[in-house]
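Residue numbering for the sequence shown is 133 to 536, as defined by this note's numbering.
In what follows, a structure is listed as structure tokens, so that the remarks can point back to it.
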Amino acid sequence: MTTAAIAPPLMTAPTTRRGRVVWGTTWRVAVAALVGLLAFGAILPEDPELAGGLVALDFVLGIVAICLLPLRRSAPVPMAVAIGALSGFSVLAVGAAVIAIISVATRRRWPEIAVVAGASAASAALYELVNPAAVEYPWWALALTGLGLYGALVLIGLYLGGRRELLTTLRDRAETAEREQVTRIEQARATERTRIAREMHDVLAHRISLVALHAGGLAFRDDLTRAETAGAAEIIRDNAHLALTELRDVLGVLREDDAESGPPRPQPTLADLPALVAESVAAGTSVRYDVDPQVSAEIAGLGVRTSRNAYRVVQEALTNARKHAPGQEVLIDVAGHPGAELTLVITNPLPPTEPRTGGTARPPGAGLGLIGLSERVRLAGGTLAHGVGADSRFVVRASLPWPT
133 MTTAAIAPPL MTAPTTRRGR VVWGTTWRVA VAALVGLLAF GAILPEDPEL AGGLVALDFV
193 LGIVAICLLP LRRSAPVPMA VAIGALSGFS VLAVGAAVIA IISVATRRRW PEIAVVAGAS
253 AASAALYELV NPAAVEYPWW ALALTGLGLY GALVLIGLYL GGRRELLTTL RDRAETAERE
313 QVTRIEQARA TERTRIAREM HDVLAHRISL VALHAGGLAF RDDLTRAETA GAAEIIRDNA
373 HLALTELRDV LGVLREDDAE SGPPRPQPTL ADLPALVAES VAAGTSVRYD VDPQVSAEIA
433 GLGVRTSRNA YRVVQEALTN ARKHAPGQEV LIDVAGHPGA ELTLVITNPL PPTEPRTGGT
493 ARPPGAGLGL IGLSERVRLA GGTLAHGVGA DSRFVVRASL PWPT
């Protein structure tokens, strides 16, 4: 285990919300005070008689205006109106007025901008009426100058507000995209888990049901000869071995990135139907199947995916019949032609309702086999229906697309 030195954090602007608020208020107050002092010093009256009360009033009003700046977040419009009114009588409040006007303009609400402009203009007009001797230029020149300066500040605020909204939108989009990516990953994982579970069920249910059937026979029957017992044990061993082998093959197919496991064994298709039927017959299930001659002739051209899905349908139907209707004959009918669909119909009589007094134990079932099979067929573009028909036979009917 290695350790790495951790560099001390750089001195940057605070990253927490509270820290950003304090930092933003601090530098704005500092800038407002600096600008106000520069303006205050530039127009300080040279006549000592004039510099008395007016300077004191200007200074007090300017300090009040600067102290109002921290309210820009909680009450931006009242704060801007008050500072605008004070700036008409105080040069020291000019810096605070600049900050207040820009802050209101960043909200991009024209009624608020107009209210602040009216307060500033009314204050300037009132100052001219109260002290006309202090005004050296015509009113229209002052109005145009004030309008130009105010417009420039509003444009700056609109730009900053638009940029802030853009950054907020981009951040929200990035967070939304990240959440959607996490959701897609979780959905992909769930889909993969479902696919693995479906394949494992299709592979294991058939083999394990055969194992359970013969193991139950050994447990309930004490009249078997030594040769019959050995034969049943051999079937159990072979099916357990095949279950492990097929499970390994399925997992090898699902793990496409596992290059060291070698080429997986081909998955069974509809061409392996005779072997599947032979296994069920050897296990004691009577099976009769009829494959349409056209299907037999065209089976080589049937798509691998469709052929494998058809095999799984028959396999699950046989497993289901062996679990829930042991000893009943199963009929399999396969028909169809290219350009239409492949149809599979598997039927078996319902089991007798009398209570069981002996025989083999039925393997437990969760009822998920046909559900998973329905999902498999649906994903392949087909349909699957199952239930009890009018002749009291359980029917599994599947239709799979058979493209040309």
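The C-beta atom is built at its ideal place from N, Cα and C for all residues, glycine as well.
query                                                                                                                                                                               : result
What residues in its chain sit with their C-beta under 6 Å from that of Pro400, if we drop five residues either side in the sequence?                                               : Tyr443
So Thr438 packs on Ala512, CB below 8 Å; how close in whole Å?                                                                                                                      : 7 Å
What residue range is occupied by the uninterrupted beta strand (DSSP E) comprising Val528?                                                                                         : 525-533
Mind reading off the beta-carbon distance from Leu379 to Met332? Whole number of angstroms is fine, and I expect it under 8 Å.                                                      : 6 Å
Could you spell out the range, first to last residue, of the beta strand (DSSP E) harbouring Pro481?                                                                                : 473-481
Can you tell which of Ile368, Asp422, His373 has its C-alpha closest to the C-alpha of Ala415?                                                                                      : Ile368
With distance defined between alpha-carbon atoms, name the residue in Arg510, Met211, Leu408, Arg152 nearest to Asn371.                                                             : Leu408
Can you name, in chain order, every residue of its own chain whose Cβ lies under 6 Å from the Cβ of Ala449, other than the five neighbours on each side?                            : Ile478, Val528
Between Val445, His456, Pro533, which lies nearest to Ser506 when the distance is taken from Cα to Cα?                                                                              : Val445
Per DSSP, Asp424 forms a beta bridge with which residues?                                                                                                                           : Bridge partners of Asp424: none, in fact.
Taking 7 Å as the limit between beta carbons, can you name the residues of its chain near Arg160, skipping five residues before and five after?                                     : Leu201, Ile231
To the nearest angstrom, how far is the alpha carbon of Gly435 from that of Glu307?                                                                                                 : 43 Å
Who are the near neighbours of Glu461 in its chain, counting only those whose CB is closer than 6 Å to its CB and skipping five residues on each side?                              : Ser418
Mind checking Gly504: buried by the 16 CB within 10 Å criterion, or exposed?                                                                                                        : buried
Over the uninterrupted beta strand (DSSP E) stretch that includes Val462, give me the two end residues.                                                                             : 462-468
Does DSSP put Ala364 in a helix, a strand or coil?                                                                                                                                  : helix
Cα-Cα, which of Leu281, Tyr421, Arg508 is closest to Ile328?                                                                                                                        : Arg508
Assess, as a yes-or-no matter, whether the segment 235-251 is touched by the segment 163-172 under the definition of 3 or more beta carbon pairs within less than 8 Å.              : no
Pick helix, strand or coil for Ile326, following the three-state DSSP scheme.                                                                                                       : For the sequence presented, residue 326 should be read as Thr rather than Ile. If DSSP states are grouped into helix, strand and coil, Thr326 belongs with the helices.
Looking at the secondary structure, which residues open and close the alpha helix (DSSP H) in which Ala237 lies?                                                                    : 226-237
On the three-pair Cβ rule with 8 Å, is the segment 314-326 touching the segment 348-359?                                                                                            : no
Using 8 Å for Cβ pairs, my map puts Arg454 next to Ser412. What's the rounded Cβ distance?                                                                                          : 7 Å
So, helix, strand or coil for Leu516, using DSSP?                                                                                                                                   : strand
Between the Cα of Val423 and those of Asn441, Thr515, Leu402, Ala410, spot the shortest distance and give me the residue it belongs to.                                             : Leu402
Pro406 lies in the alpha helix (DSSP H); which residues open and close that run?                                                                                                    : 405-414
What number of angstroms, rounded off, separates the C-alpha of Arg420 from the C-alpha of Pro406?                                                                                  : 10 Å
Using a Cβ-Cβ cutoff of less than 6 Å, which residues in the same chain neighbour Gly194 once the five nearest sequence positions on both sides are dropped?                        : Gly168, Ser222, Leu224, Ala225
Out of curiosity, what's the CA-to-CA distance linking Leu281 and Ala320?                                                                                                           : 58 Å
Whose CA, out of Ala522, Arg525, Pro533, lies closest to the CA of Ala467?                                                                                                          : Pro533
Kindly list the residues whose CB is nearer than 7 Å to the CB of Val343, restricted to its own chain and excluding five residues on each side of it in sequence; keep chain order. : Ile368, Asn371, Ala372
With H, G and I counted as helix, E and B as strand and the rest as coil, what does DSSP make of Val161?                                                                            : helix
Apart from the five residues just before and just after Ala212, which ones in its own chain have a Cβ nearer than 6 Å to its Cβ?                                                    : Ala232, Val236, Val248
Which residue from Val286, Asp354, Leu376, Arg525 puts its Cα closest to that of Ala457?                                                                                            : Arg525
If you check the beta carbons only, do Thr216 and Ala188 fall under 7 Å apart?                                                                                                      : First, the residue type needs correcting, since residue 216 is Gly and not Thr in the sequence shown. Not closer than 7 Å, so no.
Give me the Cα-Cα distance between Val163 and Arg311, rounded to the nearest whole angstrom.                                                                                        : 40 Å
Out of Arg305, Glu244, Asn441, state which residue places its alpha-carbon closest to the alpha-carbon of Ala207.                                                                   : Glu244
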